[in-house]
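A.B. asks: Starting off with a structure, shown below.
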Amino acid sequence: MSATKRTIRAWLAAAAVVPLVASLAACSGSGHAGTGASGGGSGSNTLTVWAWDPNFNIYAMNEAAKIYQKDHPDFQLKVVETPWDDLQTKLTTLAQSQQADKLPDIFLVQNNAFQKNVINYPDLFSDFKGSQVDFSKFPQSVVDYSKVDGVNYGMPFDNGTAITALRTDVLQQAGYTVKDFTDISWSRFLELGKDVLAKTGKPLLSGQAGSSDLITMMLQSAGASLFDKDGKPTITDNAALLAAIDMYQKLVKAGVLVEVNSWDEYIGSFVNQNVAGTINGVWIVGSIQSAADQSGKWAITNLPKLDGVPGATNYSANGGSSWAISAHANRDLAIDFLNSTFAGSTQFYDTILPKSGALANWTPAGDSKVYAEPQPFFGGDAIFQKVVGYSTKVPSNNTGAYYYEGRDAVSAAITKIMSGTDPATALKEAQQTVEFAMK
Amino acid sequence: MTELATRVDTVVATAAPRTRRPSLRRLPGYAFLTVAAVVSLFPLYFMLVSATNTSKDVLGSRLLPGGALFDNLGKLLDQQDVGGALWHSFLNATLTTVGALAICSIAGYGFEVFHSRGKDRVMRVLLLAMMIPFAATMIPLFQMFARANLVNSTFAVILPALSTPFLILLFRQASRGFPHEILEAARLDGLGELRIFARIYLPTMRSTFAAAAVITFMAAWNNFLWPKVILVDNAYQTMPMLISNLTAGYVTDYGVLMLAVLLASLPTVVIFLVLQRAFAEGITGAVK
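As you go down the protein sequences, you meet chains A and B in turn. The first sequence begins at 174 in my numbering and counts up by one. The second sequence begins at 37 in my numbering and counts up by one.
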């Protein structure tokens with residue numbers, strides 16, 4: 174009997190092990206098992222990069238590699254397509270499991286999340302101390318996103334300068350041109366918006382309900398933020414924030430801004446001609462241009478500025494990203510590569526602009542001929558040169574480690590305010606939420 | 037037997053006069069079911085139609101088929117390694133399904149058929165494990181695989197899914213309806229335990245295996261977070277990872293996206309349709 178039992182056990186064990194062995198064999202058969210890390214710092218002439226858009230930042234990286242290869246024929250670059258949300262998950266996992274050696278040499282980070290990651294996971298980053306990179310060639314406000322305690326941790330790449338994009342044909346029906354919308358205040362914008370709506374039936378703007386994108390753009394345009402220089406939340410008693418929320422409420426109430434439920438609906442609202450414009454980072458022109466039948470009917474200008482707020486300007490930013498060098502990287506090669514291309518080659522920026530619309534933050538690029546070329550889609554205006562010009566005037570704002578928590582809390586507050594809660598009460602709650610998160 | 041016969045007679049007797057006016061009485065029921073069917077099928081229809089439309093038409097919620105299918109396909113194949121992703125998804129899902137069925141069916145069978153003192157305690161611990169969300173175990177798991185130098189391997193993708201408390205419970209519950217008399221008879225006839233499992237239990241529990249196969253395959257096919265974390269290199273990317281890539285850029289081509297979603301859904305639809313009847317039986321716990 175005991176012999177039978179042993180046989181049973183042996184058979185059952187075998188039954189459990191066989192599929193495992195089979196799967197292992199299959200894995201190694203297809204050559205996947207145990208290939209180990211991503212290869213950050215892998216070879217003396219190879220760099221690995223994580224980035225997320227094949228038509229934009231990945232394309233730019235590959236073009237940069239081609240330019241760098243002219244002087245460094247042995248140089249190799251490997252880009253792994255990694256969407257930002259997944260990249261953030263990976264950064265968190267690698268930091269918490271202390272596996273920084275699985276990082277690539279270079280990875281792209283959203284500007285708004287840069288300080289948060291450096292502060293929370295300092296072990297993942299290399300700094301640019303002692304490098305030859307001339308950061309003064311980038312707009313101060315953009316460099317500040319990736320600066321912690323006065324040290325640079327990122328090289329600015331794509332431009333998130335905010336623009337007002339408007340349908341000139343709709344404006345014309347209402348008797349206006351884009352000039353009427355340039356260098357104006359928000360109260361004037363509201364007035365014009367009401368008139369355009371009355372005459373054409375089209376709202377000027379759309380936005381995702383419960384999103385604080387527009388509010389934070391308004392805030393930054395006045396150099397204000399949700400945090401002070403010490404990183405403490407300043408959501409209550411924030412004159413700029415109150416003015417921004419007040420204007421947002423007025424825009425929605427007047428029907429000049431229609432709230433939609435999702436990002437896809439937001440894109441659909443201007444692609445399907447339901448609204449006559451939009452305000453966002455310059456990268457939104459990619460989506461605007463996807464409606465090829467609207468070519469020539471769009472124009473770009475700067476943002477309205479907040480009324481009665483000290484330091485208010487017509488310039489702001491939303492989004493944008495910067496290159497980070499990992500702690501495990503071949504640092505010298507990574508810095509030299511980035512410095513020779515993203516911070517040193519007009520030819521590079523001239524190559525990537527026409528095909529990908531990747532607009533430089535590197536100010537010297539704005540002087541080139543390619544940037545000055547008229548864009549037929551935008552009525553023959555040289556919009557790229559224009560936006561690089563705007564980018565130098567954007568006030569800095571402090572993002573800090575809890576920027577996303579702050580933004581989420583303000584988004585929740587906006588939803589409450591729009592459904593009738595008093596702004597002061599809703600913002601007080603938001604402040605408490607952020608303070609709780611920071612404990 | 038006579039009782040059954042009487043019951044059948046009653047059913048037949050009461051059913052006959054009802055045939056006159058069933059339509060009116062059932063109308064609200066049919067109307068509700070029709071609405072429910074439209075609501076459930078519409079997203080599938082929209083996915084199908086959108087795969088043939090341009091991005092602008094999808095954003096405009098066009099409900100008729102368009103002519104952009106091949107254009108979308110061209111763009112998708114141009115941007116992403118669809119064949120590779122389909123292959124890796126298929127490989128991961130198949131290996132996980134085969135492995136999980138082999139392990140969990142034996143475990144479930146063992147829990148029900150064999151008796152030992154600590155059995156129920158072990159089962160309770162297993163059930164408790166069902167309550168732990170994956171996010172809580174992800175980082176320790178990653179550390180384990182990184183130490184074993186298994187990051188970037190198919191093995192690391194499938195191993196955590198090979199034995200799940202849910203499947204063990206499913207097999208254990210289903211085994212409750214398995215007639216123990218057959219086991220005794222087989223043992224008396226001298227059949228070994230493994231043969232009893234393979235020759236008697238396995239064919240009898242076919243519907244449970246089918247249900248477990250559908251559930252495991254779908255879960256493995258749709259698995260996103262773990263493969264995304266453990267597969268650092270895109271050479272091994274799966275379909276859900278590919279779809280995530282398509283939505284990551286500043287400009288999303290919704291036609292291409294819907295086509296990728298359609299391609300990712302097809303295998304699970306086929307598997308579900310093939311095993312549909314057995315799946316329903318397996319879930320309701322029927323043993324033939």
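No residue lacks a Cβ here, since even glycine has one placed at the ideal position from N, Cα and C. In this text the structure is predicted, and so the values were computed from the model without any measurement.
Does the region 242–257 of chain A come close enough to the region 542–561 of chain A that 3 or more CB-CB pairs lie under 8 Å?
C.D. replies: Too few Cβ pairs lie closer than 8 Å, so no.
A.B. asks: Short of 8 Å Cβ to Cβ, which residues in the region 425–448 of chain A face chain B?
C.D. replies: Here the close residues are Asp437, Ile440, Gly441, Val444 and Asn445.
A.B. asks: Measure from the alpha carbon of Ser86 of chain B to the alpha carbon of each residue in B:Ala314, B:Leu298 and B:Ser280, then state which is nearest.
C.D. replies: When only C-alpha atoms are compared, the closest one is B:Leu298.
A.B. asks: Going straight from the alpha carbon of Gln209 of chain B to that of Ala143 of chain B, what length do you get?
C.D. replies: Roughly 12 Å separates the two Cα atoms.
A.B. asks: Using only the alpha-carbon positions, how far apart do Asn534 of chain A and Leu511 of chain A sit?
C.D. replies: Cα-Cα distance, rounded: 13 Å.
A.B. asks: At which residues does the alpha helix (DSSP H) containing Asn453 of chain A begin and terminate?
C.D. replies: Unbroken run through Asn453 of chain A is the beta strand (DSSP E), Gly450 to Gly454; no alpha helix (DSSP H).
A.B. asks: Please state whether the Cβ-Cβ distance between Lys320 of chain A and Ala574 of chain A is less than 8 Å.
C.D. replies: Against a cut-off of 8 Å, the Cβ pair of Ala574 of chain A and Lys320 of chain A comes out as no contact.
A.B. asks: Kindly indicate the opening and closing residues of the beta strand (DSSP E) around Ser328 of chain B.
C.D. replies: No information on residue 328 of chain B is available, as it lies outside the stretch 37 to 324 that chain B covers here.
A.B. asks: How would you list, in chain order, the residues of chain A whose beta-carbon sits under 7 Å from the beta-carbon of Ser91 of chain B?
C.D. replies: The contacting residues are Ser463.
A.B. asks: In angstroms, rounded to a whole number, what distance separates the CA positions of Phe521 of chain A and Ser529 of chain A?
C.D. replies: If I take the Cα positions, the gap works out to 12 Å.
A.B. asks: Chain A beta carbons: is any one of them nearer than 8 Å to that of Lys111 of chain B?
C.D. replies: Answer no: the Cβ-Cβ gap between Lys111 of chain B and chain A never drops below 8 Å.
A.B. asks: Just to confirm, is the Cβ distance from Ile232 of chain B to Leu224 of chain B under 8 Å?
C.D. replies: No, Cβ-Cβ distance for Ile232 of chain B and Leu224 of chain B is not below 8 Å.
A.B. asks: Cβ of Gly103 of chain B less than 8 Å from any chain A Cβ?
C.D. replies: It does not: the Cβ of Gly103 of chain B has no partner Cβ on chain A nearer than 8 Å.
A.B. asks: Expressed to the nearest angstrom, what Euclidean distance is found between the alpha-carbon atoms of Glu229 of chain B and Leu198 of chain B?
C.D. replies: Rounded to whole angstroms, Glu229 of chain B to Leu198 of chain B spans 23 Å at the Cα level.
A.B. asks: Classify Thr70 of chain B as buried or exposed, calling it buried when 16 or more other Cβ atoms lie within 10 Å of its own Cβ.
C.D. replies: Looking at its Cβ environment, which holds fewer than 16 other Cβ atoms inside 10 Å, Thr70 of chain B is exposed.
A.B. asks: Just the C-alpha distance for Leu267 of chain A and Val292 of chain B, rounded to the nearest angstrom, thanks.
C.D. replies: The straight-line gap from Cα to Cα measures roughly 32 Å.
A.B. asks: Would you mind giving the Cβ-Cβ distance between Ser398 of chain A and Asn285 of chain A, rounded to the nearest angstrom? I have them listed as a contact below 8 Å.
C.D. replies: Ser398 of chain A to Asn285 of chain A, Cβ: 11 Å. No contact.
A.B. asks: Note down, in chain order, every chain B residue with its Cβ under 9 Å from the Cβ of Ser460 of chain A.
C.D. replies: In chain order: Tyr286, Val287 and Thr288.
A.B. asks: I need the boundaries of the alpha helix (DSSP H) containing Lys155 of chain B, first residue and last residue.
C.D. replies: Segment Lys155 to Ala165, the alpha helix (DSSP H) holding Lys155 of chain B.
A.B. asks: How far does the alpha helix (DSSP H) with Pro176 of chain B in it reach, from first residue to last?
C.D. replies: Its alpha helix (DSSP H) spans residues Phe170 to Arg183.
A.B. asks: Just the C-alpha distance for Gln261 of chain A and Leu177 of chain B, rounded to the nearest angstrom, thanks.
C.D. replies: The alpha-carbon atoms of Gln261 of chain A and Leu177 of chain B are separated by roughly 18 Å.
A.B. asks: If we cut at 8 Å on Cβ distances, does Ala314 of chain B have a partner in chain A?
C.D. replies: Not closer than 8 Å to any Cβ of chain A, the Cβ of Ala314 of chain B fails to qualify, so no.
A.B. asks: CB Pro549 of chain A to CB Gly428 of chain A, shorter than 8 Å?
C.D. replies: No. Outside cutoff.
A.B. asks: Among B:Gly110, B:Ala67, B:Ile266 and B:Val305, whose alpha-carbon lies nearest the alpha-carbon of Ile194 of chain B?
C.D. replies: Looking at the Cα atoms, B:Ile266 is the closest of the given residues.
A.B. asks: Can you tell me which residues form a DSSP beta bridge with Phe280 of chain A?
C.D. replies: Phe280 of chain A is bridged to A:Trp223 and A:Ala497.
A.B. asks: Starting from Asp249 of chain A, trace the beta strand (DSSP E) both ways and give me its first and last residue.
C.D. replies: For the record, residue 249 of chain A in the displayed sequence is Gln; it is not Asp. First-last of the beta strand (DSSP E) with Gln249 of chain A: Gln249 to Glu254.
A.B. asks: Report the residue ranges of all alpha helix (DSSP H) runs contained in full by the region 518–576 of chain A; include only those spanning at least 4 residues, in chain order.
C.D. replies: Runs of the alpha helix (DSSP H) inside the region 518–576 of chain A: 519–529 and 556–564.
A.B. asks: Given a cut-off of 8 Å on the beta-carbon distance, is the pair Phe248 of chain A and Ala238 of chain A in contact?
C.D. replies: In contact: Phe248 of chain A and Ala238 of chain A (Cβ atoms closer than 8 Å).
A.B. asks: Look at the alpha carbon of Asp505 of chain A and the alpha carbon of Val315 of chain A, and state the distance between them as a whole number of angstroms.
C.D. replies: Using only the alpha carbons, I get a separation of about 23 Å.
A.B. asks: Have a look at Asp523 of chain A and Ala538 of chain A and give me their C-alpha separation to the nearest angstrom.
C.D. replies: Their backbone Cα atoms lie some 7 Å apart in a straight line.
A.B. asks: Exposed or buried, what is Ala531 of chain A when buried is set at 16 or more other beta-carbons lying within 10 Å of its beta-carbon?
C.D. replies: That one is buried.
A.B. asks: Taking only beta carbons into account, state which residues of the region 257–272 of chain B come closer than 7 Å to chain A, listed in chain order.
C.D. replies: Listed by position along the chain: Lys264, Val265, Val268, Asp269, Asn270 and Tyr272.
A.B. asks: Interface residues of chain B around Val253 of chain A at Cβ under 8 Å?
C.D. replies: Ordered by position in chain B, the residues that pass the 8 Å Cβ test against Val253 of chain A are Val268, Asp269 and Asn270.
A.B. asks: Report yes or no: is there a C-beta of chain B within less than 8 Å of the C-beta of Lys263 of chain A?
C.D. replies: Closer than 8 Å: yes.
A.B. asks: Identify each residue in the region 157–177 of chain B for which the Cβ-Cβ distance to at least one residue of chain A is less than 7 Å, and report them in chain order.
C.D. replies: Result list: Met174 and Ile175.
A.B. asks: Looking only at DSSP bridge pairs, what is Leu378 of chain A linked to?
C.D. replies: Leu378 of chain A pairs with A:Leu430.
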